Structures are given as C-alpha cells and as structure tokens.
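First up is the structure itself, then whatever we jot down about it.
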Amino acid sequence: MRISKEEMAAGKLLPETVELAVQLIKVNGYVLFEEVLPRAQVENLYDKFVEILGPAMEKHQLNPEVGFHNDTNHIGFDLPFRLPFCDEAIIAHPFVTDVVDQILGDDCVLNYFHSNTSVQGGKKPQKVHSDTGSRYGDRCTVNLPIIKLVVNFPLVDVNELNGPMEIWPGGTHLHPDNWYGPNSFNKPQLAEHMQSVKVLMPAGSILIRDDRMWHRGTPNRSNHPRPNVALIYTSAANAPQKGSIQIPEETYNQLSEKAKKLLRNENIGIPVEPAN
Ligand SMILES: O=C(O)CCC(=O)C(=O)O
C-alpha cells in the first residue's frame with residue numbers, strides 16, 4: 001500500500017491505516033508500505049552495506065562467479081549495530097512499531113538485526129521455506145497466534161531481474177503448528193502448484209510479514225547485489241532468553257525510549273562485532 005502524503009509528513013499512520021495493515025498481516029500474511037524511507041538515506045545505507053558485504057563474502061570464500069549456497073548466491077549475515085544501520089528509522093520506525101505493537105503487544109522485543117542479499121550471478125532459487133519451525137512439535141494440530149514478525153527494508157529498487165523475494169501469501173501462515181515442523185509435507189513440492197507473488201518494491205519500502213508465511217529468495221540476474229535489511233520483532237512472552245545483538249553502552253544510551261524498550265534484552269555494553 002502507498003502511505004498518504006499527510007501520513008508521510010506527520011510521520012505517523014492514521015489509526016485506520018494501522019488497522020488495515022494489521023488485518024492484512026493476519027489474513028494475507030504480510031503488508032507492504034511502499035517507498036517510505038527517503039532515497040538519500042537508502043542510498044547511503046546501500047553504500048555502507050556494500051562496504052561490509054565484500055569482506056563478509058571474502059571471509060567465507062564466496063565467489064559469485066563460481067556460485068555459492070547451492071547456486072542461489074544468497075548470503076545472510078548480522079548487521080553491525082552502528083550507524084547508518086541502527087538508525088531509529090530502521091529499528092523503531094513509527095509505521096512499523098504501531099503495527100507490530102498491535103499484533104505482538106507494546107512490550108514486544110527486537111531480537112534480530114540481520115541482512116539477506118541476493119548477490120548477482122545466482123542461478124537457482126532457494127527452497128520454499130518458513131522462517132520458523134513448529135513451536136510445539138508434531139502433536140500440535142492447531143494454528144497459533146503470531147509471535148514473530150519479520151520486517152524487511154530493501155536497499156535497492158527490487159524488480160523482476162534482481163532477485164525479488166517470492167512469497168506464498170493468503171494462507172501459508174495460518175496452518176496448524178505442526179505444519180512448520182520437520183515432518184510436515186514437503187513445502188517446495190506443494191508450492192510448485194500454488195500461487196505466489198514476487199515482491200517488487202521501490203527502495204525504502206517496508207515489508208512486514210508473519211515469519212511463518214512461505215517464501216524463497218530468487219536468483220539475481222542484474223549486475224548489483226540486492227540487499228534486504230531483516231529485523232525480527234517477537235512478543236515478550238516468546239522472547240529468547242539470551243540476546244544476540246551487541247550494542248555499545250553509549251549507542252544504547254542515545255536511543256529513543258521506544259528503541260531502548262525494544263532492545264532491552266540484548267547484549268548492551270558489548271562492542272560491535274565486524275559483520276560475519
Ligand atoms: O531476502 C530474500 O530474498 C529472502 C531470503 C530468505 O528467505 C532467506 O535467506 O532465508
């Protein structure tokens with residue numbers, strides 16, 4: 001959906017827009033807010049991201065021309081918790097927090113600060129998957145409430161060519177819990193016969209999705225990487241016991257009250273690690 005000029009100027013969604021977004025996530029598995037972040041900010045994020053992508057690939061000896069990760073050329077790694085990545089517009093964007101708080105509760109946490117990139121030269125799509133396993137195992141045959149929302153910020157315009165994420169909306173997030181476990185029917189096999197959508201979106205858009213919705217990365221046939229920032233917000237009751245994001249004390253102290261609350265369980269007072 002496109003956000004109105006008035007909401008963009010106010011930096012706040014109208015209650016009816018929040019409600020629509022919440023209902024779309026519940027019913028369809030996702031909502032897309034198109035072109036929210038200013039282009040200059042996204043270009044700066046992209047430039048700084050490319051500076052850490054090269055070393056991250058070298059560290060793991062990943063060569064796009066040779067191909068890696070089953071010829072998908074997809075790489076995921078945690079982002080360093082420093083600017084420009086940890087900008088409030090990324091970690092606690094009011095459009096996101098208003099929606100996330102409605103679904104997960106306003107005591108939810110941000111517990112994953114990551115990136116997924118379809119690097120040029122990929123030949124194959126990823127396997128269709130959910131970003132979660134079953135919560136309660138094989139015996140749980142009921143659908144559970146949403147406990148995790150993934151938020152993606154594309155750092156380039158995503159088109160047919162450069163490896164859009166492909167999603168299976170409308171119901172794949174609404175299965176009984178055991179369908180997300182290892183003994184469920186083969187998702188890629190089913191997905192071939194189901195309808196999917198390639199998420200084409202301008203740079204600076206915001207995609208909010210139920211982590212159960214089936215999706216896959218697709219190959220990038222352009223000449224440039226296609227990065228997505230990937231954050232996970234989790235309801236307080238299901239928050240991991242141990243944090244994974246390393247946040248220097250002075251960085252934490254400068255955050256807004258909302259961002260501090262979201263990150264309260266993380267590793268505060270620990271220097272930022274280089275991208276892995
Ligand atoms: O950003 C994307 O294209 C999706 C990547 C993905 O789903 C994954 O790496 O697990």
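The sequence shown begins at 1 in full-length UniProt numbering and counts up by one. Beta carbons are placed, not taken as given, at the ideal position from N, Cα and C, and that holds for glycine. Remember, it's a predicted structure, so these values are computed and weren't measured experimentally.
Can you give me the C-alpha to C-alpha distance between residue i and residue j, rounded to a whole angstrom?
i, j, result
"G54", "N63", "10 Å"
"N116", "I75", "6 Å"
"G204", "D47", "14 Å"
"A136", "A191", "The displayed chain sequence assigns Tyr, not Ala, to residue 136. Straight-line Cα distance between these residues: approximately 24 Å."
"I25", "Y233", "14 Å"
"P125", "Y112", "24 Å"
"Q102", "V22", "7 Å"
"E6", "F81", "31 Å"
"S222", "L255", "37 Å"
"V42", "F153", "9 Å"
"H114", "D106", "22 Å"
"K198", "W168", "9 Å"
"P145", "K59", "39 Å"
"Q195", "G171", "11 Å"
"T251", "L263", "12 Å"
"K261", "V66", "44 Å"
"K12", "I206", "14 Å"
"E257", "C86", "14 Å"
"L155", "H173", "26 Å"
"I52", "N253", "25 Å"
So, for residue i: in the same chain, excluding its five sequence neighbours on each side, which residues have a beta-carbon less than 8 Å away from its beta-carbon?
i, result
"N267", "G243, S244, I245, Q246, I247"
"L200", "V158, N159, E160, P164"
"V100", "C108, L149, V151, I208, Y233"
"T132", "K148, Y180, D211, R212"
"N44", "P84"
"A230", "G76, Y112, H114, S115, N116, V150, V151, N152"
"V36", "I3, M8, H93, F95, G204, S205, I206"
Quick one, which of the options has its alpha-carbon nearest residue i's?
i, options, result
"P77", "N228, F185, D71, Y233", "One detail in the question is off: residue 77 reads as Phe in this sequence, not Pro. Of the listed residues, the one whose Cα sits closest to F77 is N228."
"V31", "I270, N183, V151", "V151"
"E34", "F49, N28, S4, T141", "S4"
"V96", "P84, L110, T141", "L110"
"L79", "P202, G67, G29, V50", "V50"
"K148", "L14, R212, L263, R2", "R212"
"D138", "L104, I146, V119, Y180", "Y180"
"L20", "R2, A10, V36", "R2"
"E166", "P176, Q120, P219, C86", "P219"
"N73", "P94, N162, I146", "N162"
"H175", "S134, A56, N143, V66", "N143"
"T17", "E58, D98, H69", "D98"
"P202", "P15, M8, P38, L13", "P38"
"P225", "M57, Q61, E257", "M57"
"M8", "P94, S134, A239, Q120", "P94"
"S235", "I52, H193, L104, H173", "L104"
Report all residues from its chain with a CB closer than 7 Å to the CB of residue i; omit the five preceding and five following residues, and keep chain order.
i, result
"K187", "V128, H129, W214"
"A259", "E88, I91, A92"
"V272", "P80, F81, R82, Q246, P248"
"F68", "L62"
"L14", "E7"
"S134", "C140, D177, N178, Y180, G181"
Spatial neighbours of residue i within its chain, please: C-beta separation below 6 Å, excluding the five flanking residues on both sides.
i, result
"I270", "Q246"
Does the beta-carbon of residue i have 16 or more other beta-carbons within 10 angstroms, so that it is buried, or is it exposed?
i, result
"F185", "exposed"
"G216", "The amino acid at residue 216 is misidentified as Gly; the sequence shows Arg. The residue in question, R216, is buried, as its Cβ has 16 or more Cβ neighbours within 10 Å."
"A10", "exposed"
"Q189", "exposed"
"V119", "buried"
"V27", "exposed"
"H193", "exposed"
What distance in whole Å lies between the Cβ atoms of residue j and residue i, which are believed to be in contact at a cut-off of 8 Å?
i, j, result
"N178", "T141", "6 Å"
"G122", "D71", "7 Å"
"A239", "N265", "6 Å"
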